[in-house]
Every structure is written in C-alpha cells, then in structure tokens.
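**Q** Protein chains in written order, with numbering that gives the first Met the number 0: chain D, 0 to 124; chain R, 0 to 537. Every residue gets a Cβ at the ideal spot worked out from N, C-alpha and C, and that includes glycine.
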Amino acid sequence: MATVQKVNGDAGEGKTKWDRVEEMDEFRLLILAKKEFVIPATVFFVVYYFALPVLVGYAPEFMSRKVLGPVNLAYLFALSQFFVAWGIAWAYVCAARRFDKFGAHILETLKREGYDEKQDGKRGL
Amino acid sequence: MHLDMTLVLFLSFIVITLGITAWASRRSGSSSSFFAANRQITAWQNGIAVAGDYMSAASFLGIAGLIAFFGYDGFLYSVGWLVAYLTVLLIVAEPLRNAGKYTMADVLAYRMNPRPVRAMASLSTLVVSTFYMIAQMVGAGSLVALLLKGSHISYTTAVIGVGILMIVYVVFGGMLATTWVQIIKAVLLIAGTILLSILVLAHFHFSLSEFFTAISQVTYHGAGGKVIVQDFMTPGLRFKPPYGPLEVISLGVALIFGTAGLPHILVRFYTVPDAKTARYSVVWAMVIIGSFYIMTTFLGFGAATIVGRDFIAKNGGTNMSAPLLAKVIAGDVFFAFISAIAFATILAVVAGLTISASTSFAHDVWTNVIHHGVERHAGEERKVARISAFVVGAVAIAIAIVLGPTANVAFLVALAFAVAASANVPVIIFSIYWKKFNTAGAVCGLAAGLLGSIILILIGPSIMGIDAATVVGAARHPIQHAPIFPLENPGLLSVPIGFAGALLGTLFGAKDPQAIQRFEELEVRANTGLGSEKATAH
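1) Can H204(R) and I328(R) be called in contact, C-beta distance under 9 Å?
2) Return the chain-ordered list of same chain residues with a C-beta closer than 8 Å to the C-beta of I214(R), the five sequence neighbours on each side being excluded.
3) I'd like the ranges of any alpha helix (DSSP H) spanning at least 4 consecutive residues and lying wholly in the stretch 5 to 68 of chain D.
4) Would you identify the three-state DSSP class for M463(R), choosing helix, strand or coil?
5) Tell me which same chain residues have a C-beta within less than 8 Å of the C-beta of L188(R), skipping the five on either side of it?
6) Suppose you measure from the CA of W89(D) to the CA of L88(R); what does that come to, to the nearest Å?
7) What residues in its chain sit with their C-beta under 6 Å from that of V228(R), if we drop five residues either side in the sequence?
8) Taking C-alpha atoms, which residue in K382(R), A335(R), H370(R) and R375(R) lies nearest to T544(R)?
9) Apart from the five residues on each side of it in sequence, which residues of its chain come closer than 6 Å, Cβ to Cβ, to L414(R)?
10) Using three-state DSSP, classify S479(R) as helix, strand or coil.
11) Give the DSSP bridge partners of Y219(R), in chain order.
12) Should A48(R) and I182(R) be called a contact, given that it needs their Cβ atoms to be closer than 9 Å?
13) Can you give me the C-alpha to C-alpha distance between G235(R) and F416(R), rounded to a whole angstrom?
14) Decide if the stretch 425 to 443 of chain R is in contact with the stretch 511 to 521 of chain R; the criterion is three or more beta carbon pairs, one per stretch, under 8 Å apart.
15) Grouping DSSP H, G and I as helix and E and B as strand, with all else coil, what is V70(D)?
16) Is the Cβ of Y154(R) closer than 9 Å to any Cβ of chain D?
17) Select from A499(R), I465(R), D3(R) and R38(R) the residue whose C-alpha is nearest the C-alpha of I483(R).
18) Report the option in L492(R), I462(R), T192(R) and S493(R) whose CA atom is closest to the CA atom of H480(R).
19) For the stretch 269 to 281 of chain R, list every residue whose C-beta sits within 9 Å of some C-beta in chain D, in sequence order.
20) Cutting at 6 Å between CB atoms, please list the residues of its own chain near P485(R), excluding the five before and the five after it.
21) Check whether the Cβ atoms of G451(R) and A501(R) lie closer than 9 Å to each other.
22) Starting from E522(R) and walking both ways along the alpha helix (DSSP H), at which residues does that stretch end?
23) Just the C-alpha distance for E25(D) and I288(R), rounded to the nearest angstrom, thanks.
24) If contact is defined by three or more beta carbon pairs under 8 Å, each pair taking one atom from either stretch, is the stretch 267 to 282 of chain R in contact with the stretch 87 to 105 of chain D?
25) Under three-state DSSP, which class holds T469(R)?
26) According to DSSP, simplified to helix, strand and coil, what is E380(R)?
27) Taking 9 Å as the cut-off, decide whether the C-beta atoms of T102(R) and S280(R) are in contact.
28) Is I400(R) near Y168(R), with beta carbons less than 9 Å apart?
29) Name, going along the chain, the residues of the stretch 203 to 222 of chain R whose beta-carbon falls closer than 8 Å to a beta-carbon of chain D.
30) Would you call K225(R) buried or exposed, if buried means 16 or more other Cβ atoms sit within 10 Å of its Cβ?
31) Can you have a look at A377(R) and say buried or exposed, based on whether 16 or more other CB atoms are within 10 angstroms of its CB?
32) Going straight from the alpha carbon of F334(R) to that of A419(R), what length do you get?
33) Out of V82(R), H371(R) and T192(R), which one is the CA nearest neighbour of T41(D)?
34) Quick check on V7(R): buried or exposed, where buried means 16 or more other Cβ atoms within 10 Å of its Cβ?
35) Would you verify that the beta carbon of Y292(R) is, or is not, closer than 9 Å to some beta carbon of chain D?
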C-alpha cells in the first residue's frame, strides 16, 4: 500500500511517479532513441528545404535549366520537397513504433509497482 | 444564373453545418466536450480537420492567384506550407498532446510561474488569431463583393452573415461542431480541386508535356499594352533582386516554424485520445495538404495558360483566379460550385480561429490568470468562452467592415505566421526540451518575438513605402516613407530575435528553481503520456 501512494503521488510526497520513471532504463533509452531519430531528421529536412530558396534565389540560371522536356530543375526540385516530406513522415511513423513500445513497458512496470492509471490525471493544470 | 446556384449550394452547406451544430450542442455539456470534443476525434478525422483549418482562403484563392500571375514563385509558397508540418510532426504535436489540456499556454506554463507566462501566451494567441481572422474576413468580403456585384446583397451584409454563422457554430456547437465543419469543408475543397485539376488536364488532352509546354510560353500584356511571352516556370518573376532571394528565405523561415505555433492548429491535437493518434493525424493532414498543394500546379498554371493574366486582372484580380478558371473551363454551374467552396472554406477557418481565441481567453486569462486556476462554479469557463466568442466575432465583423473589400490582405496572413514563428515557437521548443529554461525566459521570449515581428512589419515595405500620386485607396502604403527594413516577411530576423529573447531572459532573469525541478515531470509526461488528459465518455 505504501508503494501505491508513493507512486501515485505528485510533488511534495517523497518519491513521485515522475522520479520513478525518470530513473528507469527504458525511459533513458526512449529519450535516446527519440533524439537519435528527431535531431538528424530535423537537420536534414531544414537543410533540404532551405536549399530550394537558396538555389532558386542565387543560382536562377542553373535552376532554370530544362531537364525533362519543358520542365526545369527548379520545378522538379520543388516537387521533390513534397515526396521528401512524406518520406520523412513515413520514416518517423516507423521509428515511433519503437518509442511506443518503450512507453508501454514503462507503464507496465509502473502498474506492477501499484500505479493506478484511473486515479491519475485528476490534478488540475 | 450562377449567383442563384452559388446561393443554393452555399445555403445547403449552411443547413448541413447548422444541423451538425444542433447535434453537437447536445453533446457539449462538459468543458472537455466543449473545448476538446471529448478527445474522441479519430486520427483520420482530425487529419482532415487539421487540413481544413489550414487550407484557408490564402491557400485556395491566394496561391492559385500568385501562380497565375507570377508562375513558379507562387508555387514556392505551396512547398513551404507542406514542409512546415514536419516541424509539427517531429517536434511539437505529441509532447503538446501529452502535457497540455486545452491551449498552447498549458504546455508553456507547465513548469513556470503560470500567471505571467499564460498572460503573455494568451496575448500572443489573440494577436496571431486576430491577424489571421481579419485576412479571412476581408477575403470573404471581397469574394462576396465580386460574386454579388449587381445583386441586392452588399459587402456589409455578407460579412455580418459570415460572422454570425461562425459565432453560432462556436457558441452552440463548441469544438465538436467546429471539427465537423472543418471536415466537411476540407472534403468539399479537395473534391473541387481534384475536379478542377482533371478539367485542366483534359484541356491539354491529358498530356503533361503539352501542359508544361504551354506553361513555358505564357502570353500576356505588360505595361503599355506590350505583348509579353514568358516562361512561367522561371524563378524570380515575383521575388526580384536585390532582396528577392532573402525574401524567399525569410518567408520560408516564417512558414516552416510558424505553423508549429499557430494556436488554431495546435488546439486540434487536444481533440484526439492520445499522442499516438495525434501523430497519425499529422500524417493524414500531410497527405491531404501535400496533395492539395501539388494540385495548385494545375489550378495556378491552368489559370495562367487557359484563362490568362489579362482576363483575371480585368475580372476581379489575383484572388479570383481559381473561380474564374472554373468558369472558363466548365461554365457557370462549376463556377457556382467553386465559389460556394471558397465561401465554406473561409467560414470554417474563421470558426476554427474563433474557438481557439475564445478558449485561450476563457482558460488562460479568465480562469488561470484572473482567478488563479480555480473555476468558481461548474461551467464558468465554458460560459466565458461563449461570451468571448461573441466578442471575437463582433470585433472581427467590425474590423472587416472598417477595412472594406480591399485586396491587399495577404500580408496579414504572412504576419500571423511570422508572429507565431517568432513568439510562440522558440518558447514551445525551449519549454519541452531545455531544462534550464525558466519563467523569465518564457516571458522575454514571447515578448521579444511578438514585438520584434510586429515592429519589423511596421517598418517594412508592407506598411512603409512612397507611392506615386496616382496610387489611391487601399493600394497606398499607410506610411509614406522609404521602408527601413527591406523585407516584407520579417521571419529571417524576428525568429532569431524570439530565440534570443528566450535565451537572454533565461540567463539573466530571476532564478526559478521550480522550473528546473519540474522539468523532469514535464519530460516524463511529454514523452510517455503519463498523467495526460484522457478521452471522456459522453
């Protein structure tokens, strides 16, 4: 019973559920896995996106070159942005399945230690 | 004839949406249902609703017009408007859903001293929503003025009508009705766009090479009646040197970061049961929004090649490109259909803006700032939100009437994006990801971003400029002086100002041990959904 109170409690009641999760290995792995995906993906899409205005703005002749019949490089590069964005979104959804597994493990561990989800979420914001 | 058709189609949209409002009003008996649709919206529903909230008059009418007049440079807007959703997907949507309740400020205030942070965040929400809303209302007004030319319905009547409808949706139907209005509108918009694109392709005998060949030799009359043949796929027709390239980059910064700070988009993630659904709804939204913006190729270039710049300029200007394309290519009935969709688009976006603005006032300012986080009696927050929806609607109607049916409103939407990108996004990102971030940093970041972006707009070429004596009315710059800041969109400078404000406020502001202490709690909650607001049965 003591554990139940401890784990369900919020700040000010000794060790909280937040502290408990924070020290779990799964949680550290979750944060690490997220960083490993989100940071490179963000850097990549920002660089890829800004390459478009930079190239179009500072190398207009190069970008106006016709590469596919009447279609020029500028249009194809702009169009590619849509597919790259969809591709990154798809990759993220796949990667996030792993994040969800970590999350489920964390919740399971907490429940084993007496955490009651139904009693939670009542604290007002 | 087409006017009657437009009215009939538009009236059927109104009847259906009011029916939904009546249905939703019986389910809006609690705060969670009024503000967050009981958090029971599914991923695909919310994805369509996000797309509906996002594809405003600026997208459907504005981008088609920009491409019709400036070719490739107009298409650059389309690209930024989709790629921006990666910021929402990767950085903001899930932590926001896990850590917040009804508004953006919930997340910002989570580990800070709540009252100053909420007050600033709510101010920024109201500023962004107001700019966005004025643009929509004036857009609606000018569309109406053109469509109803010669009829007994005036611009003022039309604006009041749009305003009253949006108030009814929000006050009686809450978030549930607003969500379904968005969904219906988005489906109509996509259907109209697909039809129009197919018709454009059919015009070119379903040959892409014939279509793109036509784009590379568009003919129109320049100044002085000179015939110009121009390759519309060439970049630089709108954004010309010396500042053109920087302008495009600055616009990109505002779009890419601004979307993740638009309050009416962010609140949509509170209507779903959990973070995973929020994630899938962003993906749904990206599929719909991306397909739509790719099709602006057919709408915009179609208008440029089939209708032509000369005809559009004489018949209502850039914003009428898509409806005029429908008229030229398929006649009056289709024109009526597309015009009705444009109305519905504006109406739905305005309703979405109204609910996010009034929720922020009721939840952030009234309950949490004025009354220290306590609802004095059950349902007070909802009541205040309904009253503020009235006020927001009335103010929007009044401003739109005062501004009149001017066309020069695109900069208002760009301003909304720039303010959101500069004020909201740095603070959202630091709150979720930076342990040392504190109350002083949040307040400084919001204030610096808000002031920085507004001041740069005021001293930029949207407001300042020297016009010839022949330029009259709305086309004249409000301040007759050479612009001090050279770019129309301030994103390139104002977003760094927002980040710098947040950074400096944190480093030099008062110590805030609670903010550091509660970071752990926010980190766990944002990443696992532990303790997050659950869906409620109704």
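**A** Let's see:
1) The answer is no: Cβ separation not under 9 Å.
2) G70, D230, F231, M232, F300, A303 and T304
3) 16 to 21, 24 to 57 and 59 to 62
4) strand
5) The beta carbon of L188(R) is closer than 8 Å to those of G51, M54, F59, F291, I340, A343 and T344 in its chain, skipping five residues each way along the sequence.
6) Within the model, the alpha-carbon separation for W89(D) versus L88(R) is close to 11 Å.
7) In chain order, Q216 and T218 place their CB closer than 6 Å to the CB of V228(R), counting only its own chain and leaving out the 5 sequence neighbours on each side.
8) Shown here, chain R extends from 0 to 537; a query on residue 544(R) therefore has no answer.
9) F130 and I456
10) According to the sequence provided, residue 479(R) is Gln. The question's Ser does not apply to it. Note: Q479(R) maps to coil in three-state DSSP.
11) I227(R)
12) yes
13) 23 Å
14) yes
15) strand
16) no
17) I465(R)
18) I462(R)
19) A274, K275, R278, Y279 and V281
20) Once the five neighbours on either side are set aside, the close Cβ partners of P485(R) are Y242.
21) No, the Cβ-Cβ distance between G451(R) and A501(R) is not below 9 Å.
22) F518 to T527
23) 36 Å
24) yes
25) Coil.
26) helix
27) no
28) no
29) S208, F211, T212, I214 and S215
30) exposed
31) exposed
32) So the two alpha carbons sit approximately 35 Å from each other.
33) The closest CA to that of T41(D), considering only V82(R), H371(R) and T192(R), is found on V82(R).
34) exposed
35) yes
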